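Counting in numbering that gives the first Met the number 0, the sequence shown runs from 0 upward without gaps. C-beta: ideal position from N, C-alpha, C; glycine also. What you are looking at is a predicted structure, and each value in this text was computed from that prediction instead of being measured.
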Amino acid sequence: MSADTRPEGAASDRTSSREVVMFPGGGIDMNNMRETPLLDTSYMRRMSGHLGIDFVSKLANGEVGSDPGPYQASVAALTYACTRQRYGGARPMAVIGQSSGVWAAAALMGAIWIEDACNLLMIRGDLIAEASARHGEGRMLSVVGPSPDETAAIVEGIDGCWVSGVMTRSSVTLGCRLEVREDVESALSAELNANVVRLPIDFASHCPLMDGVADELKKAMGDLEIIDGADTGAVEFYDCFTSDPGPVSLDDLRDRLALNIEKPFDLMATVQSFDDDALFVESLPNAGIFNMIRYSGISRRRIIKAA
0 MSADTRPEGA ASDRTSSREV VMFPGGGIDM NNMRETPLLD TSYMRRMSGH
50 LGIDFVSKLA NGEVGSDPGP YQASVAALTY ACTRQRYGGA RPMAVIGQSS
100 GVWAAAALMG AIWIEDACNL LMIRGDLIAE ASARHGEGRM LSVVGPSPDE
150 TAAIVEGIDG CWVSGVMTRS SVTLGCRLEV REDVESALSA ELNANVVRLP
200 IDFASHCPLM DGVADELKKA MGDLEIIDGA DTGAVEFYDC FTSDPGPVSL
250 DDLRDRLALN IEKPFDLMAT VQSFDDDALF VESLPNAGIF NMIRYSGISR
300 RRIIKAA
């Protein structure tokens, strides 16, 4: 897609100099999406027509949660729609994408088209399903209560379970093989008195059960246009899987979009890497990001709830 066919409402290079928009991944609660008043937007309708999937009806009925492609694409379209509604022609200072949220973040930044993002998230979903069949069926758990180090110490002793991501000072996400899930839950509950929640995802990402997905996704991304222009230079792009958080260059963006599915993430470290004057904005009402940021040690006054 060329600049001459830029979608209606595409962002300009004006910037809101302190705001950082947070884009969640596929672990978002389906109920939170159904409760969003902006569900039926022009962007959602456009993506529905583009991909031939009635996201609005499926989300309203809770019908896409077990299908990673449509679910990820609908999350991306909805979070993009909500943030475009907020900013109009302005731009935030930076965007942060967690897991599949990197695609919507890159689209809001102006580096890729939202249509391309949703197309590739559909392919990403097929690759996730293939990896699950190849490496073994997996599940994801949210662990609340212990510190990340305490949870990691327990998980290291369980074959087939890994820390997929650090969310806050007292919350991590785990990826595990289906057959060890109950053992993991029992160990964490007994040894750390942790609250373990089963995420509504029928696979385990950001762990070895996704090996091979990135390489295949890079092949599918061969024709992806990374839009290099003044409007992208105004917004910094962050993903969450590096141990040294910082903005990603456009030259590295393609690899980071693909690798994100295989690498553990650290949302807390990414959020904490910003200066004290940064304001964090939810990209979707009721996404739960408010608490993720708050419990990473960020002042409530620096968090802007999505409207």
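Identify every run of the beta strand (DSSP E) within the region 220-306, keeping only runs that are complete inside it and at least 3 residues long; order them along the chain.
Whole beta strand (DSSP E) segments, 3+ residues: 235-237, 278-281.
Among residues of its own chain, excluding the 5 on either side of Ala193, which ones have a beta-carbon nearer than 6 Å to its beta-carbon?
Cβ neighbours of Ala193 beyond the five flanking positions: Val142, Gly144, Pro145, Leu187.
For the region 200-218 against the region 125-137, do three or more pairs of beta-carbon atoms, one drawn from each stretch, fall closer than 8 Å, so that the two count as touching?
Contact between the region 200-218 and the region 125-137 is present, because at least three Cβ pairs lie under 8 Å.
Glu155 versus Trp161 - alpha carbon distance
The straight-line gap from Cα to Cα measures roughly 7 Å.
For the pair the region 158-175 and the region 103-123, tell me if three or more CB-CB distances fall below 8 Å.
Taking a cut-off of 8 Å for Cβ pairs, the region 158-175 and the region 103-123 do not touch, as fewer than three such pairs fall below it.
My output table needs one value for Cys206: the three-state DSSP class, helix, strand or coil.
DSSP places Cys206 outside both helix and strand once states are collapsed to three, so it counts as coil.
Locate the alpha helix (DSSP H) running through Pro69, then write down its first and last residues.
Counting along the chain, Pro69 sits inside the alpha helix (DSSP H) bounded by residues 67-86.
Range of the contiguous alpha helix (DSSP H) that encloses Val55
That run of the alpha helix (DSSP H) goes 54-59.
According to DSSP, is Arg180 helix, strand or coil?
Here DSSP, grouped into helix, strand and coil, assigns Arg180 to helix.
Tell me the DSSP secondary structure of Glu62 in three-state form.
Glu62 falls in the coil class under three-state DSSP.
Quick one: using the 10 Å Cβ neighbour count with 16 as the cut-off for buried, is Asp238 buried or exposed?
The C-beta of Asp238 has 16 or more other C-beta atoms within 10 Å across all chains shown, which makes the residue buried.
Give the secondary structure of Ser141 by DSSP, where H, G and I count as helix, E and B as strand, and everything else as coil.
Note: Ser141 maps to strand in three-state DSSP.
Those runs of the beta strand (DSSP E) which lie wholly inside the region 85-130 and span at least 3 residues:
As far as the region 85-130 is concerned, its whole beta strand (DSSP E) runs of at least 3 residues are 91-96.
Cut-off 6 Å between Cβ atoms - residues of its own chain near Gly96, not counting five sequence neighbours on either side:
Excluding sequence neighbours, Gly96 sits near Phe22, Ala104, Asp238.
Suppose you measure from the CA of Leu58 to the CA of Pro67; what does that come to, to the nearest Å?
Rounded to whole angstroms, the separation of the alpha carbons of Pro67 and Leu58 is 13 Å.
For Pro23, which of helix, strand or coil comes out of DSSP?
In the structure shown, Pro23 sits in coil (DSSP, three-state: anything other than H, G, I, E or B).
Between which two residues does the alpha helix (DSSP H) harbouring Gly48 extend?
Annotation: the continuous alpha helix (DSSP H) that includes Gly48 extends over 41-50.
Give every residue of the same chain whose Cβ lies closer than 8 Å to the Cβ of Val179, excluding the five residues on either side of it in the sequence, and list them in chain order.
Within the same chain, Val179 has close Cβ partners Ile157, Asp158, Gly159, Cys160.
Helix, strand or coil at Arg133 [DSSP, three-state]
In the structure shown, Arg133 sits in a helix (DSSP, three-state: H, G or I).
Closest Cα partner of Gly245 within the set Ser163, Asn118, Ile260, Met267:
Nearest option by C-alpha distance: Met267.
Roughly how many angstroms lie between the CA atoms of Asp274 and Gly221, to the nearest whole one?
A direct Cα-Cα distance of roughly 36 Å separates Asp274 from Gly221.
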